Amino acid sequence: MKQHLGRQSGVQNVEVSLIDGKVQITPKEDGRIDPPQLLKAVYDSGVSVAEMDVIARGKIVKDSSGALALQLEPNQAFQLAPNDLSSGLESLAGSPTIVTVRGQLYKKPAGKKKADTSAPLKLLILEVQKKE
Amino acid sequence: MNKKLALFILLGSILTPIAQAQIKHIEMRVEGMT
Numbered sequence: 000m001k002q003h004l005g006r007q008s009g010v011q012n013v014e015v016s017l018i019d020g021k022v023q024i025t026p027k028e029d030g031r032i033d034p035p036q037l038l039k040a041v042y043d044s045g046v047s048v049a050e051m052d053v054i055a056r057g058k059i060v061k062d063s064s065g066a067l068a069l070q071l072e073p074n075q076a077f078q079l080a081p082n083d084l085s086s087g088l089e090s091l092a093g094s095p096t097i098v099t100v101r102g103q104l105y106k107k108p109a110g111k112k113k114a115d116t117s118a119p120l121k122l123l124i125l126e127v128q129k130k131e
Numbered sequence: 000m001n002k003k004l005a006l007f008i009l010l011g012s013i014l015t016p017i018a019q020a021q022i023k024h025i026e027m028r029v030e031g032m033t
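Top line first, the protein sequences correspond to chains A and B. Reminder that position 101 of the first sequence reads as 100 in numbering that gives the first Met the number 0, one-by-one numbering, no gaps. Reminder that position 22 of the second sequence reads as 21 in numbering that gives the first Met the number 0, one-by-one numbering, no gaps.
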């Protein structure tokens with residue numbers, strides 16, 4: 000699995016802990032990393048992902064449907080799952096403020112043996128670390 | 000010339016934070032790993 004993930008674009012380093020079943024991925028400084036692609040790579044290596052958490056830095060925007068999203072690059076944005084923290088960021092939509100957040104991008108649905116990794120990922124904000 | 004320089008600085012200050020916007024870290028909890 001480590002080799003599978005290490006081959007993905009934008010990945011600088013992969014650390015696997017067999018004891019607690021955790022995989023830490025460090026993206027390249029200037030690289031574009033694609034979380035759905037990483038999920039697929041893990042499944043392809045025969046392992047099931049229970050949860051995926053990210054720390055990301057970007058701008059709060061409203062997408063074409065009016066939903067809040069964290070925009071990382073012009074062509075990479077994650078829609079925010081509604082909660083108190085995402086509501087608190089609504090006033091920043093469209094502003095040049097850059098926020099750093101920790102959030103959950105994927106959680107395996109309860110009861111399902113195989114999750115659908117092709118569904119669009121929503122970011123559930125767990126912590127707002129910085130506003131610049 | 001000064002006008003061009005000012006425009007360059009302005010564009011740089013607008014684009015720099017966007018260029019730094021990215022995923023900083025990913026952590027996954029996996030099941031079935033041996």
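Yeah, the Cβ is synthetic: ideal placement off N, Cα and C, and Gly gets one too. As the structure is a prediction and not an experimental result, all values here were calculated from the model.
Cross-strand partners of glycine 133 (chain A) (DSSP beta bridge): Residue coverage of chain A in this structure runs from 0 to 131, which leaves residue 133 (chain A) outside it and unanswerable.
Terminal residues of the beta strand (DSSP E) in which alanine 68 (chain A) lies: 67-72
Other residues of its chain near threonine 25 (chain A): CB distance less than 6 Å, five sequence neighbours each side excluded: Gln11 and Asn12
Collapsed DSSP secondary structure at alanine 109 (chain A) in the structure displayed: coil
Nearest-angstrom Cα separation, counted from alanine 80 (chain A) out to leucine 37 (chain A): 20 Å
Host alpha helix (DSSP H) of leucine 84 (chain A) (start-end): 83-87
Residues from the segment 46-60 of chain A in contact with chain B, defined by Cβ distance under 7 Å: Val46, Ser47, Val48, Ala49, Glu50, Met51, Asp52, Val53, Ile54, Ala55, Arg56, Gly57 and Lys58
Three or more C-beta pairs below 8 Å linking the segment 61-70 of chain A and the segment 41-48 of chain A: no
Sufficient close CB pairs (3 or more, under 8 Å) joining the segment 68-75 of chain A to the segment 52-59 of chain A: yes
The segment 76-96 of chain A / the segment 116-129 of chain A touching (three or more Cβ pairs under 8 Å): yes
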